[in-house]
Each structure stands twice: as C-alpha cells, then as structure tokens.
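**Q** Listed in order, the protein sequences are those of chains A and B. FYI, the numbering used here numbers position 166 of the first sequence as 166, with every residue one higher than the one before it. Take any residue in the second sequence, note its place counting from 1, add 1000, and you have its number in the numbering used here.
2 protein chains.
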Amino acid sequence: MPVSLNPADAAFETVLRQRLPKTCFRPQSPHYQTEPRGFFQGQAGLVLAPASTAEAAEIVQQCAAAGVGIVPFGGGTGLVGGQVMETGARPVILSLERMKRIRDINPVDNILLAEAGVVLADIRAAADGVGRLFPLSLASEGSCQIGGNLATNAGGVGVLRYGNARDLCLGLEVVLPDGSIWNGLGRLRKDNTGYDLKNLLIGAEGSLGLITAASLKLFHRPDHQLTAFLQVASPEAALSVLALCQSRLGGMVSACELIHRQGFDFLRETMPQIRLPFAKPGEWMLLVEIDAIADGGADTRFEAILGQAMEQGLAQDALIAQNQVQRQAYWTVRETIPEANRRIGAIYSHDISVPNSRIPELIDKGAGLIAALGDFRINCFGHLGDGNLHYNIYPPRGRNRDEFSDRRDSIKHAIYDLVYRLGGSMSAEHGIGRLKLDDLVRYGQAEKLAMMRRIKQALDPKGIMNPGAVVPP
Amino acid sequence: MPVSLNPADAAFETVLRQRLPKTCFRPQSPHYQTEPRGFFQGQAGLVLAPASTAEAAEIVQQCAAAGVGIVPFGGGTGLVGGQVMETGARPVILSLERMKRIRDINPVDNILLAEAGVVLADIRAAADGVGRLFPLSLASEGSCQIGGNLATNAGGVGVLRYGNARDLCLGLEVVLPDGSIWNGLGRLRKDNTGYDLKNLLIGAEGSLGLITAASLKLFHRPDHQLTAFLQVASPEAALSVLALCQSRLGGMVSACELIHRQGFDFLRETMPQIRLPFAKPGEWMLLVEIDAIADGGADTRFEAILGQAMEQGLAQDALIAQNQVQRQAYWTVRETIPEANRRIGAIYSHDISVPNSRIPELIDKGAGLIAALGDFRINCFGHLGDGNLHYNIYPPRGRNRDEFSDRRDSIKHAIYDLVYRLGGSMSAEHGIGRLKLDDLVRYGQAEKLAMMRRIKQALDPKGIMNPGAVVPP
Chain A
1 MPVSLNPADA AFETVLRQRL PKTCFRPQSP HYQTEPRGFF QGQAGLVLAP ASTAEAAEIV
61 QQCAAAGVGI VPFGGGTGLV GGQVMETGAR PVILSLERMK RIRDINPVDN ILLAEAGVVL
121 ADIRAAADGV GRLFPLSLAS EGSCQIGGNL ATNAGGVGVL RYGNARDLCL GLEVVLPDGS
181 IWNGLGRLRK DNTGYDLKNL LIGAEGSLGL ITAASLKLFH RPDHQLTAFL QVASPEAALS
241 VLALCQSRLG GMVSACELIH RQGFDFLRET MPQIRLPFAK PGEWMLLVEI DAIADGGADT
301 RFEAILGQAM EQGLAQDALI AQNQVQRQAY WTVRETIPEA NRRIGAIYSH DISVPNSRIP
361 ELIDKGAGLI AALGDFRINC FGHLGDGNLH YNIYPPRGRN RDEFSDRRDS IKHAIYDLVY
421 RLGGSMSAEH GIGRLKLDDL VRYGQAEKLA MMRRIKQALD PKGIMNPGAV VPP
Chain B
1001 MPVSLNPADA AFETVLRQRL PKTCFRPQSP HYQTEPRGFF QGQAGLVLAP ASTAEAAEIV
1061 QQCAAAGVGI VPFGGGTGLV GGQVMETGAR PVILSLERMK RIRDINPVDN ILLAEAGVVL
1121 ADIRAAADGV GRLFPLSLAS EGSCQIGGNL ATNAGGVGVL RYGNARDLCL GLEVVLPDGS
1181 IWNGLGRLRK DNTGYDLKNL LIGAEGSLGL ITAASLKLFH RPDHQLTAFL QVASPEAALS
1241 VLALCQSRLG GMVSACELIH RQGFDFLRET MPQIRLPFAK PGEWMLLVEI DAIADGGADT
1301 RFEAILGQAM EQGLAQDALI AQNQVQRQAY WTVRETIPEA NRRIGAIYSH DISVPNSRIP
1361 ELIDKGAGLI AALGDFRINC FGHLGDGNLH YNIYPPRGRN RDEFSDRRDS IKHAIYDLVY
1421 RLGGSMSAEH GIGRLKLDDL VRYGQAEKLA MMRRIKQALD PKGIMNPGAV VPP
C-alpha cells in the first residue's frame, strides 16, 4: 500500500501554530533523529510534544487532513528503527515526553493508570511506593517510556513469570489515525465485548494509532526473592536446571537468564569497574531468580535443587545472593551486558526465539555457521525461560564492525534461516520497525502479511501513522 | 455492513458433494439449532463436519465463491447465541466435531497442539497424562470444544492465576474467510513479528475466520493444592480475605469464587443429591484455592490467614478440604450451580465484570434496583478475583420465567446501566454472539464499533463468517 504523503512544511506548521500552544513545538535535535545502534539516521521533522490527549488528537487530526506522516517518538530506545524515518516527506515527529502523568494508582484494584510518556522506571517506583510490583523490567528502563513499551510489546527479564508488556496491560487510550480518541482505558481483568483492539494496537509500533495512556496491572510484591548465579555445563544443562526449578518451585521461578562468557569478556574490556562473579567463569552461566514467600520453605528447596544440579554435573558452581546488595550486583552484570555490546559494536544482533527444546541445537549449529563465515565473536545471552536469545555477532578483537558491513546480510540470513528451520522467530521482543521489513517478507507468511496490509488499510487508509514501519510495502 | 448472502441450497450442496467425502455431510439435528438457555432457535442449515483443515478450507472456499454464510459450531455450549442463526439465508453449519486430534504434546516445551474439535476435558486429561496442567476450567468442560473456547475467549475458574483462553494460547491455525489457511501455529513464548492476529481471531466468535487448531500452553502441575470453603460476612469481607491471601501467598492463589446462599437453595431445590457444606450456610460463601508446593509452609500460612479472617470477623466458618475427594466435592458444588440455574430458568443472566473495589457497591445497589422491579430471586456468584460475577435474575418460587419475559429488558438495563456507571462490562467472559448485539451498541463506544466494522469489512468483505454475530449491523 504505497501512499504519497505531504511534507510538514512551513504552511502546515503555521496552521498548527494557530491551534496549539507554543509549548508543543520543540526544537529539532539529534535526539529525535538517532537510534541506539546507529544503523539509521532519521531525517529532521516538525517535532511536536503535546501535553495532553486533546493536544495529541488535534495534531493527528491536522496531519490526517493535510496527509502528513507522523512518527511517534517515546524514549528513543527501540532497536529496530521504528522511531526514525530516514526518507519520505518531512514528517511530524510526535514526542510523548510531556505526557508523563500517572493519572491514578489503586492498590485495591491493583492497577496503575499512566500516560504514554512516563518512564518505565518511574512506573516501577510508583508501584513500589504503594507496596506493589509492576514487573516489566528491561535494561533501558531508566529511559524507555511505557507508551513505547506497549507499542513494541516489550519483553525483558520478567516475562517468564509475569508476561510481556501485552500481558501487563488492561486497557489503552489511543488517538486513532483520523484524530478521534478511543477511550479503551478499562480496568477490567475480563471483558469480552467484541474484537480485541487493545492487543491489536499493542505491538503495532504506532502504525495503527497513537497510544496516549494505559491502565497497567500491578502485583503484590513478593516478600522474598532468591537469586542465584550458576556456572552451568552447557545450554542443555541450563535447560535441565530450569526444568528442575519449575517442577519443584512451580510458578515461583520469575527469571532465568543465560549468559555466555563472551558477555563477561566484553564487560571486562569496556567496563572494568563492573564486579563480576566467579574467579574463573565457565563458558555458560545462568542467573535464576525465585519470587517466593518468606518462611515458605522455598529457600531449603532452592538450595536442594542447586545441590542436586551440582551432583548431576549440570552446574559446576552456584552462588546465592546473601542480601539485596549482592542480588543487585548480580542483576547489574546481566543488565550492563547490552551497554558493553553497544561499546564493542555488533556487526549484526539477532533477537530470536525458538521452542526451548531447540535452544541447544540453535547454539550448536549457529556457532558452526558463523565460524564458516569468518573469525567473528559471538555473544549469545538472554531469556532462556522464554526461548528468547540475543545472538549478536562481533568483529575480531581490535577490528571495527564497519569493516564487515558487507557481511551483515550473510550473517543475518545464516542465523535466521536456521531459526526458522527450528520453528523460531526473527523478532522475539524488539519488533519489526524499519530494520526487519525485508525479513518479515522473507520469513513471514503471505497470509499474515495480507491480513496486516488489509488491517493497516482499513484503520489508517491515508497511511499517516509511522509511515514505512512494520507493514512491508 | 448489511450483506446479502445466498442460501446453502440443493445446487450448492451438489457442488460440495463433488468435492468432499460423504462423511463430511451430517444429518440436520436439533443439536445444531439449540443453545443451552433456549433463547434462540437456530434455523436448519447444511451441516458439514470436515475431518481435516484441508476439508474445512474447501468448504469455506466454496462458501466464499457462492456467497453462502457459515455458522461455526463447536460444543454448542455458548450462552449468547453465537452458534445459532435464527434468520437469514440458509447457512452452512460447520461443525468441528470430527477434528478432535491432539497433534502433539511436548512436556519439554510445555505445549499441546490440539485441533479445534477436541473437548476441553480431553485436553486437560492429556496434559495430566504427561504430568502437566492445562488450567482452563469451566462448568461445561465435558462438552465444550477448545475451538469454541478460543473463539469466545472463555474464562472460568482458573483465570485468577493462569489467565483466560487467550492467555493460554501460543498460536492458531485458521481458515480465513477467502478459504486460505493461515498457519500461525507457533510454539513461541515471545514473537513480535508484526500485528497480533492471534488475539484478534481469539474472541472474534468465528466472525473473522475459522479456528481449526491451536498450540496451547501447559504448566507444571502444582504438587500441592489447598482448598477452603468459607462463610464470609459480606462481599467486602470476601475481598478482604482475597487480599489477605494474595498479600501473604503471592501468586499462589489460583481460584476465588464467591457464592450466594441462593445458589445453595437452587441446588437443594433441583439436585438434592449434591452434598452441600455447612449445616446453616450464611448469606455469602467463598471457595478459595491455593496452588502451592508440598512442604512449602503454605499450609501453615493458609491456616493462619483463615484464622486471622475469623478473628477479624471477616469469616464465620472455614472448612479446609482434607483430601482430593473433599476438594472435588467442594468444586462440584460450585460447578453444578449453573445447571441448577438452568433448571430454575433465569429471566435474565448478567455476565458482568467491574473493578474489584466496586463489587460491594454493585451487589448492594443491584439488589435495590431489582427489588424495585418486582419480587424476583437473585443468584449472584462467580469469579471474585477477576471482578467477574454472574448476576442472574429468577422468578419467584413456583412461577415460570416466561411469565416475565416482558420484564427482561428493564431488568437487563437496570443492572447494565449500573455496571457501566461503575466502569464495568456487560460481557466479562461469555462474549457478544447474537444476544448482546444491541447492548454492544448501547454500551459500546462509537470509536470501537467503527474499528470493529472496518476490520470485519477488511478481513471478511463478503460477510460470510458467522453472519450477524458480534459485529452490530
């Protein structure tokens, strides 16, 4: 559905200035034109930051009337270029940065109602303030915004027990492509009144409407957490440890992160100040967390499980965090790896998922395929419990990723082809954005793409919402 | 979007007989024309029962070519008339009864792949056979089919901990309205490749496509369950007991069912063979279940919580099931209430949800509104933890519901108007079907209805899928 859009030119800006307060108009800055991995350079646009849903609706109405494209902009932390438009008519860059109000928080109903621009860490802190947990947790939580988290259906480390952004959202307020406002801010756990529009908007990456607010699920805070860092014999062994934990601790297992030694090496190389566990790290490590109840016997059981894992040779070493400081230190190691990766500079980063049972085969065959392509470094880590691994390829030490840009496609396809042979996905949690449009065509299904195009056409006939993102032309 | 459809007449049947095996053609029977509450009398149709997805696709293709409507038919247990079409051109009634194969079950990946016609109880049994739990559980599980459970996003008693049908489904195989097959049978916990079509099809009640198979989430079986039947002082007290349990047992609370004494009276009246707890039942009772780990200290804690509830006057009596037989007996009471209701015959049954904090107000004000309308009996019971209550209105003892059919609308609107004032829903888990189309117009939002119509038009332009259901004309 190729659409021709008009530029957000001086005349259009004049129209908007008559209808919106000065404060909505922001100076253009590199912040709105760059993305973390530097693969995309967004063009300049008319940057607008509404302070309210009404102002946002006014902007969308005017864009719809004038046929001007809108690029929604949240924390700017997305990794697939969904927030930057490189080509096409000069767009409106609609930043949610001023919509940062927590409208309500109710520990009886266990809901928190936040505007799209609220930073994830602030939502977690607000929930904590009333003795509740908002479990969405990712490396970028200090800067990403909940609107973006929902638009991309963000995942992170708490998915195993609490689900991804989609599972944590009860309702949405959305400015639709015609500028009308859909108030779907329900607070209900169950509501079967017609089509599930909430989940259609979640993960649509701003291409079907602009999320301006969301009602979110809160949970009672676990009063006791057990966190262990293990050296495991292999990915198979890691899966066995997870199975042991899940069979004997039921739904209490809240996180299970696989980490390759390469991640430790990158941390040493780029951030020596980060304290690492284990004098001699093994090749594979596992970070496991249990949300338990105090005096619940989970401690005893967890220690028994770890002991059993050592006896069976699944693990060589296991450290249990003795206090919150140590627990935080373990998590800092895990959550700093993405920044270390960024500093090293990946040639290509695969955000993949496969059924858990295929993970060992993926890791084994993947290494062979990459080795056949050259002398590269692989950093494979991620959410073992969800079958979601980040499989990133780096140049040899001392070389720069740009020297290998001609190899990106062969590296990418080698791994994705394998992933699809194993029944997996080439975007587990980062989305499609603009980076993976070709991959969606290559690996997606004709029937699915046809449905996506029909839905985009039906809900955004002028194609003004995040043009060029998610839906292949 | 009023569409004109053609009848499944003799000529059309002849075309189909050339393309499908004899075994697909089923004799018409009342089974396909009735629904449990007897509010709808479906017209006769051409009943077809494909044995495979390919046969189902052939049927849909021919219906699309001929412009013949299709009414998907599962277990026939739906309560909103989604499975019976009263008027319009003679449809194809497409029964999934022969697609009852469990294609795969994998306790490593914790998935079960079932065809749409598999009865829910058979799925639960198959999971149990490999030491796993499929937690979807409802009164009709012995006859409802998983395809229907997904088409209607069924809820039930396990939602509090495990979510509804939507939350338990990883992927779908769907015959689309043009007869093409979308194989979305993923087994992945995380997959962000484009729009969430799975959740759009789930809950669409067959109006956007025909679900032919699904991959379902399995869970490790809790090795220890604690079940208690309480007499509680009031709905407020019931909410306080739930909060106590959730704050001190975290995510272990797996069910919390509120039951009014009226339900016990109906059971005594219609099924005296059912053994009821409590010599003198109070006005309100609560059935609470904890999925715990053995030796996990949960027993001690649960008993302490119940003790505390009694001391605080929240509960007058509390029985803890001492064994599986007793546990089953408690659940039989809860799960037989709907059959007792059916035998008494409701004038109107409200399937409603509100934010938990509004439940006491709903029950209090609701009783006043109904009393003002006449001398009726109210049976209010359901899933307290989800804010989902079944609020059913019955004639005085000895009278028949049909004498009051002229009162149905005033009764219905009195409660629904209240529910919407409290931020609730008029269909928490039963869906819209044909029964609640008017209510969706009255209580739904214009923006939402517009989106639904556009999506229906985009994906089913000929309007052949379950004509007249879910989407108001």
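We treat Cβ as the ideally placed atom computed from N, Cα and C, and that holds for glycine. These numbers come from a predicted model, not from an experiment.
Can you tell me which of A:K22, A:A154, A:G129 and A:A346 puts its alpha carbon nearest to the alpha carbon of R399 of chain A?
**A** A:A346
**Q** So, is the C-beta of L188 of chain A closer than 7 Å to a C-beta in chain D?
**A** Looking at the structure shown, chain D is missing, and the protein chains on hand are A and B.
**Q** I'd like to check one pair, H224 of chain A with I305 of chain A: are the Cβ atoms closer than 7 Å?
**A** The answer is no: Cβ separation not under 7 Å.
**Q** What residues from the segment 112–138 of chain A come within 8 Å of chain B, judged by C-beta to C-beta, listed N to C?
**A** none
**Q** Let me know if E1257 of chain B comes out buried or exposed under the rule of 16 or more other beta-carbons within 10 Å of its beta-carbon.
**A** buried
**Q** What in chain A is Cβ-close to M1426 of chain B, meaning under 8 Å?
**A** T193
**Q** Please report the distance separating the alpha-carbon of T948 of chain B from that of A1057 of chain B.
**A** Shown here, chain B extends from 1001 to 1473; a query on residue 948 of chain B therefore has no answer.
**Q** Excluding the five sequence neighbours on either side, which residues of its own chain have a C-beta within less than 8 Å of the C-beta of M1 of chain A, listed in chain order?
**A** Since pLDDT at M1 of chain A reaches only 44, below the 50 mark, its modelled position is unreliable, and the value read off the structure follows with that caveat. Closer than 8 Å at the Cβ level, and outside the excluded window around M1 of chain A, lie R453, K456, Q457, G463, V471 and P473.
**Q** By Cβ distance below 8 Å, which residues in the same chain neighbour K1412 of chain B in space, the five residues on each side in sequence not counted?
**A** Y1348, H1350 and D1439
**Q** Check each residue of the segment 1380–1414 of chain B: if its Cβ is closer than 7 Å to any Cβ of chain A, include it; give the result in chain order.
**A** D1386, G1387 and N1388
**Q** Is the CB-CB distance between R1161 of chain B and N1199 of chain B below 7 Å?
**A** no
**Q** Considering only residues of the same chain and omitting the five flanking positions on each side of V1354 of chain B, which have a CB-CB separation below 7 Å?
**A** L1362, G1387, V1419, L1422, G1423 and G1424
**Q** Between S4 of chain A and chain B, is any beta-carbon pair separated by less than 7 Å?
**A** No, because no Cβ of chain B sits closer than 7 Å to the Cβ of S4 of chain A.
**Q** Could you check whether the segment 1320–1334 of chain B touches the segment 1212–1227 of chain B, counting it as contact only if at least three pairs of C-beta atoms, one from each stretch, sit closer than 8 Å?
**A** yes
**Q** Counting C-beta neighbours from all protein chains within 10 Å, is the total for V1325 of chain B 16 or more, i.e. buried, or is it exposed?
**A** exposed
**Q** Using CA atoms only, rank isn't needed, just tell me which of B:I1344, B:G1067 and B:L1048 is closest to Q1028 of chain B.
**A** The shortest CA-to-CA distance from Q1028 of chain B to any of B:I1344, B:G1067 and B:L1048 is the one to B:L1048.
**Q** Please report the distance separating the alpha-carbon of I1059 of chain B from that of A1010 of chain B.
**A** 15 Å
**Q** Rounded to whole angstroms, how far is the Cβ of G1074 of chain B from the Cβ of L1005 of chain B, which I believe are closer than 8 Å?
**A** Distance from G1074 of chain B to L1005 of chain B at the Cβ level is roughly 22 Å; contact not present, criterion being Cβ atoms closer than 8 Å.
**Q** Taking only beta-carbon positions, decide if V232 of chain A is within less than 7 Å of chain B.
**A** Chain B contact via Cβ: absent.
**Q** Going by other Cβ atoms of all chains shown within 10 Å of its Cβ, with 16 needed for buried, is G129 of chain A buried or exposed?
**A** With fewer than 16 other Cβ atoms within 10 Å, it is exposed.
**Q** Could you please give me the residues that DSSP links to G1156 of chain B through a beta bridge?
**A** B:S1137
**Q** Just the chain B side, please: which residues come within less than 7 Å of V108 of chain A by C-beta, in chain order?
**A** N1356 and S1357
**Q** Can you tell me whether S405 of chain A is buried or exposed, with buried defined as 16 or more other CB within 10 angstroms of its CB?
**A** exposed
**Q** Strictly below 7 Å CB to CB, what residues from chain A border L1459 of chain B?
**A** M451 and R454
**Q** Starting from the beta carbon of I1105 of chain B, find every residue of chain A whose beta carbon is closer than 7 Å, and list them in chain order.
**A** Those within 7 Å of I1105 of chain B in chain A number zero; the least Cβ separation is about 13 Å.
**Q** Should P281 of chain A be labelled buried (16 or more other beta-carbon atoms within 10 Å of its own) or exposed?
**A** Classification for P281 of chain A: buried.
**Q** Any chance the segment 1183–1190 of chain B sits against the segment 1114–1121 of chain B, with 3 or more Cβ pairs inside 8 Å?
**A** no
**Q** Roughly how many whole angstroms lie between the Cα atoms of A329 of chain A and S137 of chain A?
**A** 16 Å
**Q** Would you please verify whether the beta carbon of M1 of chain A is less than 7 Å from any beta carbon of chain B?
**A** Unreliable placement is indicated for M1 of chain A, whose pLDDT of 44 sits below 50; the coordinate value is still reported in the next sentence. So, not an interface residue.
**Q** Kindly indicate which three-state DSSP category P1235 of chain B falls into: helix, strand or coil?
**A** helix
**Q** Comparing the C-beta of K462 of chain A with each C-beta of chain B, is any distance below 7 Å?
**A** no
**Q** Here's a check: name, in chain order, each residue in its chain whose Cβ is nearer than 7 Å to the Cβ of V1159 of chain B, leaving out the five neighbours to either side.
**A** The answer, listed in chain order, is H1383 and D1386.
**Q** Is the segment 144–155 of chain A in contact with the segment 1165–1180 of chain B, if contact means three or more CB pairs nearer than 8 Å?
**A** no
**Q** Can you tell me which of the three DSSP states M1001 of chain B falls into?
**A** Because M1001 of chain B sits at a pLDDT of 43, beneath the cut-off of 50, its placement in the model cannot be relied upon, and the point is left open.
**Q** Can the beta-carbon of I1211 of chain B be found closer than 7 Å to that of V1253 of chain B?
**A** no
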